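Following: one structure in structure tokens, then a few remarks.
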Amino acid sequence: MTPVRGRAFAAAALIALAIPPAARQAGHPITARLTETKAQLLKISDGQSTANLDFGSAPPGAGRRSAGQGLKLTYPVDNITRDIRVYTNNRGWTGDRTDSGGLILSSATLSKRLPLFRLSFSSAQPAGSVAFTEENASSWNQIFDINDTNFEQKRSASIVPQDPLGSTFIYFGARLESPAQGSYSTRIIVEIVNNVTDDGAPGLAHEVLKNVNFRRKAMPFTAVIAEDVQVTTATFHYRFEGEESYAVLPVELVQNPSNPFQWTAKVTIPKEKLRIGVLEYYFEAADGFVQGFSGTDSGPNRTAILDEFAPVVETIPPQSGGKISIVEDTGAGATSLDFPPGSIEIQVVITAKKIDPLTQPMLSTHRPVSVYEFTPERSVSFLSPAKLTLSYVDDNGDGFVDATGEAARDLKVYRLDEGEWRFLGGKVDEAMRTVTVNITHLSTFGLFPAQAGAGDLRPKEKIITPGLKDGINDSAVFDGLQERTEPFRVEIFDVMGRRVRTLDQVGQWDGTDASGRTVETGVYLYQVHIQGRVLSGTITVAK
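Under my numbering, the first residue of the sequence shown is numbered 3, with each subsequent residue one higher.
Below is the structure:
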């Protein structure tokens with residue numbers, strides 16, 4: 003007789019968290035915790051981790067064999083009842099679908115399925131104590147295959163008892179019915195199923211925008227859905243204020259690859275369906291049992307759709323700070339001005355609006371890519387910088403500004419000062435399609451495709467009047483230095499060559515010396531040290 007060999011038997015032990023409708027019971031919240039459920043295949047001989055199940059070489063004839071490895075399962079200890087289901091999934095099997103065997107024997111002359119069995123304990127068993135024999139065969143449970151036509155009738159037989167201490171050890175045996183030569187293989191699935199009710203509706207998180215400036219483009223909306231079971235459907239309902247019924251759009255659901263219980267819902271209202279007015283809308287998501295909402299038909303979310311160049315007004319308190327934003331129908335991040343707490347001395351009302359770039363001055367031979375104006379109702383002094391973010395249009399996401407073709411990576415922020423654009427710099431975020439820079443003055447700001455040169459680093463102010471404190475030429479601003487990440491230093495000298503002030507990583511001189519006293523009237527020399535270069539010039543201080 004030819005011996006039956008099983009050295010090549012490999013098993014993939016997988017964990018699948020699921021909540022089938024048939025398994026639900028009332029009275030428990032869903033608290034599936036994927037990261038706390040683990041499976042380890044261990045050698046019975048020494049408890050070391052391994053990757054394969056091995057039944058060894060079988061003697062001639064029929065018989066029972068036990069594997070030299072066991073599967074250790076650990077799961078949370080809490081008040082949630084769980085089923086542990088063990089079955090095989092041999093999708094490639096082309097033979098009889100009523101065959102209940104879990105092992106596939108492959109050889110040069112045949113392909114046959116043979117019975118596979120399991121025995122479970124709450125703790126690891128010592129080497130030599132777990133043997134699959136004719137005498138103890140009745141205590142072992144057969145493992146069935148999910149692809150069998152009668153698997154549903156046998157599903158309950160796949161359940162392994164859950165241990166109150168949070169661990170289960172499963173050992174495997176096989177019955178060899180006839181002599182043959184070949185190798186065995188199978189795919190073992192271990193499924194942890196929470197037996198809980200779906201009392202909770204899908205949770206939807208969505209940022210409701212107060213205003214959106216409309217460029218006559220399609221308008222995207224997104225929401226994040228959290229659900230412990232599968233989200234089956236999601237829809238978006240919208241209408242304009244005064245209309246009786248809602249239009250309905252299907253929603254694209256994108257599952258978070260790192261979180262199986264989270265989805266992003268995406269929907270876009272076509273441009274021909276949009277107009278100036280108040281848009282009322284809500285998201286709806288369902289898991290087949292319970293519905294969740296962001297807004298409702300009787301209490302919808304509301305967003306004002308404004309003209310592209312309509313102003314936005316916001317009050318910024320000094321202590322808590324605040325933000326003013328212009329959100330456009332571009333899918334890009336919002337244009338915004340963010341004031342940190344304590345960055346201004348007094349409460350101020352600010353008006354922000356988009357400006358037609360064609361109406362603004364050029365910079366050399368370039369038109370601005372986009373222009374935005376921020377105007378306070380009264381003069382405001384900055385105690386610390388505010389963060390300015392300007393958006394640009396790149397609807398197709400190719401890295402180039404629509405309409406102008408400028409490379410987005412080259413965009414920089416400039417400030418309009420008495421009809422002349424002054425360089426500020428900025429950091430480009432191509433994913434959000436924005437450029438961000440710190441500012442200490444409110445003005446009109448534009449985006450240009452430009453790089454900072456020597457002229458961009460010198461101050462425009464040739465004469466400063468620090469003693470007047472009237473907000474006009476109180477200090478000299480070295481354009482573009484504030485946003486430089488590399489080390490730089492500004493040194494101020496009097497006409498006798500004596501150093502008056504050294505500014506490390508500070509691109510603004512307020513006319514004071516190292517002691518904080520306002521310097522005397524006169525001409526002062528400056529040197530900017532950056533990247534091995536020294537840029538020089540003069541500033542006149544008048545009182």
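From the three backbone atoms N, C-alpha and C, an ideal C-beta is built for every residue, glycine too.
Everything numeric in this text was worked out from a predicted model, so none of it was measured.
Item                                                                                                                               : Value
Cut-off 6 Å between Cβ atoms - residues of its own chain near isoleucine 161, not counting five sequence neighbours on either side : Asp85, Arg87
Whole-Å CB distance - leucine 276 paired with phenylalanine 216, under 8 Å assumed                                                 : 6 Å
Cβ contact check for the segment 410-425 and the segment 363-370: 3 or more pairs under 8 Å                                        : yes
Threonine 317 burial status per 10 Å Cβ neighbour count (16 or more: buried)                                                       : exposed
8 Å contact criterion, which leucine 308 and valine 214 should meet: CB distance rounded                                           : 7 Å
Test item: CB-CB of phenylalanine 223 and isoleucine 271 under 9 Å                                                                 : yes
Inter-stretch contact at 8 Å, needing at least 3 Cβ pairs: the segment 344-362 / the segment 291-304                               : no
Three-state secondary structure (DSSP) of glutamine 264                                                                            : strand
Distance between tyrosine 89 and serine 124 (C-alpha atoms, nearest Å)                                                             : 19 Å
Residue(s) in a DSSP beta bridge with glutamine 529                                                                                : Glu493, Ser538
Cβ distance (whole Å) where leucine 449 is taken to contact leucine 413 below 8 Å                                                  : 5 Å
Short Cβ contact (9 Å threshold) for leucine 251 with arginine 177                                                                 : no
Cβ pair valine 521, leucine 483 closer than 9 Å                                                                                    : no
Span separating the alpha-carbon of lysine 545 from that of tyrosine 526                                                           : 14 Å
Start-to-end residues for the beta strand (DSSP E) that takes in glutamine 362                                                     : Neither: glutamine 362 is in no beta strand (DSSP E) and is coded neither H nor E.
Touching by the beta-carbon criterion (3+ pairs, under 8 Å), the segment 122-138 and the segment 154-170                           : yes
Best match in Trp265, Glu245, Gly244, Asn258 for proximity to threonine 234 [C-alpha to C-alpha]                                   : Trp265
Where glutamate 154 sits in the DSSP three-state scheme                                                                            : helix
Span separating the alpha-carbon of valine 530 from that of threonine 523                                                          : 22 Å
Reference glutamine 50; option with closest CA among Ala220, His368, Ala129                                                        : Ala129
Spatial distance of serine 386 from tyrosine 374 (CA atoms)                                                                        : 21 Å
Cβ distance (whole Å) where valine 329 is taken to contact leucine 211 below 8 Å                                                   : 5 Å
Whether leucine 118 touches phenylalanine 174 by CB criterion (9 Å)                                                                : yes
Buried or exposed by the 16-neighbour rule on C-beta atoms within 10 Å, applied to serine 393                                      : buried
For leucine 73, three-class secondary structure by DSSP                                                                            : strand
Cβ-Cβ distance between isoleucine 408 and proline 451 below 9 Å                                                                    : For clarity, residue 408 is glutamate in the given sequence; the question names isoleucine instead. The answer is yes: Cβ separation under 9 Å.
Neighbour-count burial assignment, serine 372, 16 or more Cβ in a 10 Å radius                                                      : buried
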